[in-house]
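Just below is one structure, and these are the notes that go with it.
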Amino acid sequence: MTDKLVEYMVELNTNPEALQNHNADPIKAAADFGLDKNDVELIKNQDVAEIKRRCESSSIDTKGVMIGFFKQ
-2 MTDKLVEYMV
8 ELNTNPEALQ
18 NHNADPIKAA
28 ADFGLDKNDV
38 ELIKNQDVAE
48 IKRRCESSSI
58 DTKGVMIGFF
68 KQ
């Protein structure tokens, strides 16, 4: 079973349109991608530590995946 949040992070790294949508409205982009409410909350709260942990523990190759897509 794959982790949809990790898939979203990979998508942001490989799809310029997805990144543009995320930068415009991260909550909407995450929900439109199909993330569940808990994962959308991680995006909303900019929980970089948890997102990084999930990427690092994923079976998907996330080497080199950047997760710094959050506006301060």
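Residue -2 is where the sequence shown starts when you use my numbering, and the numbers rise one by one after that.
All C-beta atoms, glycine included, are put in the ideal place defined by N, C-alpha and C.
All values derive from a computational prediction rather than experimental measurement.
Item                                                                                                                                                              : Value
Using a Cβ distance threshold of 8 angstroms, determine whether the segment 56 to 64 contacts the segment 2 to 19, with at least three qualifying pairs required. : yes
Measuring CA to CA, which of R50, S56, N20 is closest to K41?                                                                                                     : N20
Going by DSSP, what residue range makes up the alpha helix (DSSP H) through M6?                                                                                   : 1 to 11
Tell me whether the beta-carbon of D0 lies closer than 8 angstroms to the beta-carbon of R50.                                                                     : no
Please return the same chain residues whose Cβ sits closer than 7 angstroms to the Cβ of I24, not counting the five positions on each side in sequence.           : V37, I40, K41
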